[in-house]
Each structure stands twice: as structure tokens, then as C-alpha cells.
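Position one of the sequence shown corresponds to residue -4 (my numbering), numbered consecutively onward.
Following: one structure in C-alpha cells, then a few remarks.
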Amino acid sequence: MKKIIRVFPRRTNATPTDENVRFGDPGLFDTADEVHVSVAFSWDLRNAQALADLWSIVAPVKIGGPATNKCKGEFTPGMYLKKGYTITSRGCPNRCWFCNVWKKFGTVITELIIKDGWNVLDDNLLACSDNHIGNVFKMLQRQKHPIAFTGGLEAARLKDWHVDLLLKLNLDRLYFAYDTPDDLAPLMRASIMLQDAGIIHPNKKHKARCFVLIGYPTDSFEKAEIRLNQTLELGFMPMAMFYRNHEYNFRGSWPDKRKWNRFTTEWANPIIVGGKMKQLK
Ligand code: SF4
């Protein structure tokens, strides 16, 4: 069997931890048949190339990962993401202007072979066929770990039978998104469905969460704060995500960047946001 060393520009919660994972330069005794540099974030691409150059003395190097266009095939659990994460489909039929998913994976969903895991990272699981969604939930029902939908579920596609399936899981958390103002109406509908099912409940753990994109060109602190507060009022725990443009640079001035950084940190901190939720009760 080929020995493949996987090199990562940075360590995240999702990075595998086995003996063939590396983060920096090759060690003196590193040997491999192949080296794969896996890049999760576009802003790490330059660093990934530098790593690839360094590791080319050990073995032939390939650069891949979500930040590149080279992660389109079947998903292998534990290879580039820690055991527990799973991806059962790629692509999204929507064409959100700020998102690269549909540019990279297309607007026709590709359903993959379903591999076991308890943290689902699909780009848009609810856009898959009913049959695929049903089979993903069957796989999730047999997991021993609490289930997370970190990839996010699209509120506009949430149906009653999805909620029924969610109720059969040992659910840890699920994420929706409030990126632009047109997301509000579907989010309100999803909030009612999840409240009726008891998944959103003022006295229970914050299972329903929501990524809120902030700081994009037509956004302002006032508008972002309104979206974040609306999210709170609907019973979702908001998680601010700062917009990065295609060059992955901040579009404004430095003082503004510092202000946005502070604002994002405050609204992405579960302890601070949890405190804001308590005040609403
Ligand atoms: S719905 Fe989500 S995954 Fe699909 S294009 Fe919009 S942001 Fe991207």
C-alpha cells in the first residue's frame, strides 16, 4: 500500500490527527510515496505552494482540498478531514454571488456514496433527491455520536418530513444561513417549524444555529447588527462570518478592518452570543 503523507497549511478542528499528517517542513526521517498538500481555505493557497516546493524533495507532491478545484471525487473518511466528518454530496443549485460552491462543483448536485460520519458537511444536503436525503438520515441514525450539520441546511428547502427525520436523531446542532435580506422569510418559516418540533426551545441547548454573513460591499454595521438580532429573536444562535472578497483581502480601510474584526469576534463567540440569547428570554 502506498504511503501518502498529507500536509496541511493550518490545523483546524476538522484536521485529521493520524501519524501521516504534517503541518510544516518535512522532518529529517520523513519518507513517502506521495505527498498531498490539502488546502481548506483560499487564503492558504500561496502557503500551500511553498509547502509543496519544500516537500517535493520527499516524494511527488499534489495540491488539492476544498480551496482548489481538485476535490470533486468520492469522499474518503479520515483522509483530509478528521474521522466523523462526512460529505455525501457536492454542488448546489443556487448561485449565491458570494459563494464559490456552485462555480467549483456545479449547479447540478452530485450525490456521492454515503460514508459513515456524524458531522455532515454537504454544501446543500436538502437540495439532494428525497431518496439520498432519506439514506443519509438512515446512516446518521446508526451513529453513536451526536449529529451535527455543520455544512448547513437551506431554510427554504426545509420540509416537515425533514424535521420528522431530525427528531429521530441524537441531534447536537444544525446550521442555517442568513446571508442576505432575502434569507429572512425562509428563516422565519424554518424557525416556526423547529419551534413546533421542540428543536428550538428557550430552555434547551442551542441546537439551531445560523451563519450570518457580514461585511460584504453593501453591508454596514447597522444592517449586520439587525440581521444578527433578527436571528437571535427567531431562536437561532447566530455565528457571524466575515465576508472575504475574491482576492481574499479586506475591501476597506485599516481602521474599518479592525472594527469589523472586533464586531465579528463578538458575534462569533458562542459565550458572548449565548449571553445575548439569555437576555432575550
Ligand atoms: S445556498 Fe449555500 S452553498 Fe448554495 S450557492 Fe448559496 S451559499 Fe453557496
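Heads up, the beta-carbon is just placed ideally off N, CA and C, and yes, glycines get one too.
From a predicted model like this one, the values you see are computed outputs, not experimental measurements.
What would DSSP say about residue 315, mapped onto helix, strand or coil? One cannot answer for residue 315 here, as it falls past the ends of the chain, which runs -4 to 276.
Would DSSP call residue 259 helix, strand or coil? helix
Contacts around residue 153, its chain only, beta-carbon distance under 7 Å, and the 5 residues preceding and following it disregarded: 121, 185 and 188
Which of helix, strand or coil does DSSP assign to residue 22? coil
Span of the beta strand (DSSP E) around residue 142: 142 to 144
Which one of 43, 37, 26 and 38 has the shortest CA to CA distance from residue 18? 43
Taking 8 Å as the line, does the beta carbon of residue 210 fall inside it for any heavy atom of the ligand SF4? no
Nearest candidate by alpha-carbon position, reference residue 27, set 7, 1 and 20: 1
Less than 9 Å between the beta carbons of residue 87 and residue 75, yes or no? no
Per DSSP, cross-strand counterpart(s) of residue 175: Beta-bridge pairing links residue 175 to no other residue.
Using only CA atoms, which one of 176, 83, 141 and 222 lies nearest to residue 126? 83
Leaving out five residues on either side along the sequence, give the residues of the same chain with a beta carbon under 6 Å from the beta carbon of residue 265. none
By DSSP, does residue 198 sit in helix, in strand, or in coil? coil
What number of angstroms, rounded off, separates the C-alpha of residue 312 from the C-alpha of residue 93? One cannot answer for residue 312 here, as it falls past the ends of the chain, which runs -4 to 276.
Taking only the alpha-carbon atoms, compute the straight-line gap between residue 81 and residue 131 and give it to the nearest angstrom. 10 Å
Pick from 160, 95 and 208 that is closest to residue 137, judged by C-alpha positions: 160
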